[in-house]
Each structure stands twice: as structure tokens, then as C-alpha cells.
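Heads up: the structure comes next, in C-alpha cells.
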Amino acid sequence: MQIAHADQVMASVTSGQAAARSRIAASWQRCFARHRLDPAARCAPVIHAGRLSDRRDALERLLRVAAPPLEDLHRMIAHSGRAIFLTDSDGLVLAGCLRSADAEDFARAGLCAGTDWSEAAQGTNGIGTCLAEEKPLTVHRDQHYLAENIGMSCIDAPVFGPDGRLVAALDVSSVRSGEEAGFNALIGGMVTRIAAQIEAALFRDAHAGLRIVLGDEAGGAALLAVDRDELVVGATRAARRQFRLERSGAFAPVPLRDLTGEAAQGLAGAERAVVMRALARAGGNVSAAARDLGLGRATLYRRMRRLGID
């Protein structure tokens, strides 16, 4: 069966049309052309003990805020023999939630903390391909690139950090036969929701003390962090997409009203908020902000001093 699978993969990637047919076929093509992987090869994941410790330390906040939702998800699906894994953005498995009775089966398949499940290391698989495409997906049995992985079924969703950058993959895997497509679809929705919960928890933790505004995107994934001057200073990946902000990384503060039409909260600080919004629109240019407000430059400077704006 594994030999037949390897032959099928090679026929697909050498046809010259693989990448155009599906996401799985496109991944197979990357594995063949970019990563130079042989689908018949045995590519046992390498245990990175030292690297694992370093990455866990670096991603302590992620592991801390992810623990409760991962435990909730595990309680819902543990009876099915599936396991949950959280990786870093390179596909290194950081932690897992699984029944002790299933641990040996997953270890035999190479799914345990410290193993590398990037697409470059393991070919098409739930973790690696999810990270490569930055999109949720399911890789079911013979959709895997390596023949030795066709006994697995993997359901994954990406996790983005407070700055919109990819930080992790959330994986639910099974090494049992007889998985039903309908049940996989149900779990896929759960995985995507839990990934969004982790993103929201990361974002709120990173912007503690700021007002968090919910965007319109379904699932509550679009969050904005707003300071006391009603300026948006942070946004999740979904909010960046909704409001057309920078895809990732820092961005210049934007008046909340410019994005959502929402008025400033109450009267307290309203004058300061108006001035700060004008400065933000003008990119910090006081003369331009003064013109926007219909004030003289000297008048605006006096008002800024009175309001404690440097």
C-alpha cells in the first residue's frame, strides 16, 4: 500500500499540473520541487530536546493562555482516541493533550513533544501544510505526502499572535483507521474556534489595560486594542484583514472612529481624544493637525501642553 501511494504521489508531482488541482496537490508539488522529499523515504522526526526547552521558554505566554482551551477541547474529543498538539511557527511540537493509553501509538507515529512536523521535514501533513499556507485544513490519510504517514488523519488551524504574525499551529490528530469525513468536518470547526480563542486570549494578555473592541467578523476573532485617546494601537490578524491594516507587525495608531465610526466614550478626555486623532491623521505634524482642527499652530501647541500631550 505504501509503495502504491509513493507511486501515486510521484505520478501527480511529475505531471506538471499538480499545483493547479488542489491545496493538497500544491503541497505535494512543494515537497517534491522545493523540499526534495522522496515520498517513499522514511523521515523519522528528530527530537530537539535543547531547542524544545528554548522554544517553550520563548513562547511561555502562548503555552500559558492556550492551556485552558486545549484542556476543554481534549475533554470533548478524548473518547475518540484523538490527540491535540500545539506547535511553534516552525512546526516543532511544543506540547500535547492525549490519553496515556494513546501515547505510545502517537509516539510510534512520531507525534510527541520535540518533534519536527514542518512541511520541509515531513512533507504534506496537517501541521506543516497549515503553517505553510497559514490556513485551516485537514490532511486525511493518503493525502499525506510521505507513504509512512498515510495511517494518520490531521486537522489543523493556524494561531496568530498579537502582532498578526503566525506563532503556532493547533493540531488534532488520529492514528486510528475508520475516521469518518463528517466527524472530521465537525472537529475541524472546533479546532478553528479554539485557535481563535487562543488568539483572543493572547491579544488580551498582550494589551492588558487597554479597551478591547470587537469587530464584525464572525467568531469574535477581529479585536482592536484602543488606548485612552481612542486610538487603535493593536489588532488581531482578523481585524487587520477587516479594517485593511498592515497584515502583521506594528502600524501607526489610527483613530477608532476612522475605522468603525464609534464615538469616543463619554465626555471625559474627549478634547484630548480629538487632538490625538488629528495628530494621528497628520502623522504627528502639528501644523497639519492644527489646520485639520481649524486652529492656529500656536493655539494647538498651548492646548497640547494643557492636555499633557508631548
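The sequence shown: position 122 = 122 (UniProt numbering), numbered continuously. Glycine included, every Cβ here is placed at the ideal spot set by N, Cα and C. Being a predicted model, the structure only gives us computed values, none of them experimental.
Terminal residues of the continuous alpha helix (DSSP H) containing residue 153?
-> Per DSSP, residue 153 lies in no alpha helix (DSSP H); the unbroken beta strand (DSSP E) holding it starts and ends at 153–160.
For residue 245, the first and last residue of its enclosing beta strand (DSSP E) = No beta strand (DSSP E) contains residue 245, which DSSP labels as neither H nor E.
Does any heavy atom of the ligand SAM sit closer than 6 Å to the C-beta of residue 141?
-> Absent from the structure shown: the ligand SAM. Ligands present: none.
Reduced DSSP category for residue 286 - H, G, I as helix; E, B as strand; rest coil = The DSSP-derived three-state label of residue 286 is helix.
With a CB to CB cut of under 6 Å and the five nearest residues on each side skipped, what residues in its chain are close to residue 70?
-> Closer than 6 Å at Cβ, skipping near neighbours: 84 and 97.
Euclidean distance between Cα positions of residue 266 and residue 104 | Below a pLDDT of 50, predicted positions are generally treated as unreliable, and residue 266, at 46, falls in that range; the measurement from the model is reported next regardless. Computed Cα separation, rounded: 59 Å.
What did DSSP end up calling residue 97 once you bin it into helix, strand or coil?
-> strand
Could you spell out the range, first to last residue, of the beta strand (DSSP E) harbouring residue 212?
-> 211–214
To which residues of the same chain is residue 9 closer than 7 Å at the C-beta, ignoring the five residues directly before and after it?
-> 28, 39 and 145
According to DSSP, is residue 192 helix, strand or coil?
-> Residue state, collapsed to three classes: helix.
How is the beta strand (DSSP E) around residue 127 delimited, first residue to last?
-> Counting along the chain, residue 127 falls outside any beta strand (DSSP E), though it belongs to the alpha helix (DSSP H) covering 126–133.
Residue 84: first and last residue of the uninterrupted beta strand (DSSP E) it sits in = 83–88
Counting pairs of Cβ atoms below 8 Å between the region 228–240 and the region 154–166, do you hit three or more?
-> yes
Determine the direct distance from the alpha carbon of residue 202 to that of residue 62, and round the result to whole angstroms.
-> Roughly 7 Å between the two C-alpha positions.
Beta-carbon contacts of residue 55 that lie in its chain and below 7 Å, excluding the five residues immediately before and after | 88, 92 and 94
Buried or exposed: where does residue 205 fall if 16 or more other Cβ atoms within 10 Å of its Cβ makes it buried?
-> exposed
Identify the continuous beta strand (DSSP E) that holds residue 166 and give its terminal residues.
-> DSSP places residue 166 inside the beta strand (DSSP E), whose first and last residues are 166–174.
Terminal residues of the continuous alpha helix (DSSP H) containing residue 300?
-> 297–307
Per DSSP, cross-strand counterpart(s) of residue 116 | 92
DSSP beta-bridge partners for residue 225?
-> 212 and 234
On the DSSP bridge assignment, give the partners of residue 138 in chain order.
-> 155
If we ignore side chains and look at the alpha-carbon of each, how far apart do residue 127 and residue 137 end up?
-> 9 Å
Option nearest residue 80 by Cα separation, candidates 64, 101, 86 and 66 | When only C-alpha atoms are compared, the closest one is 101.
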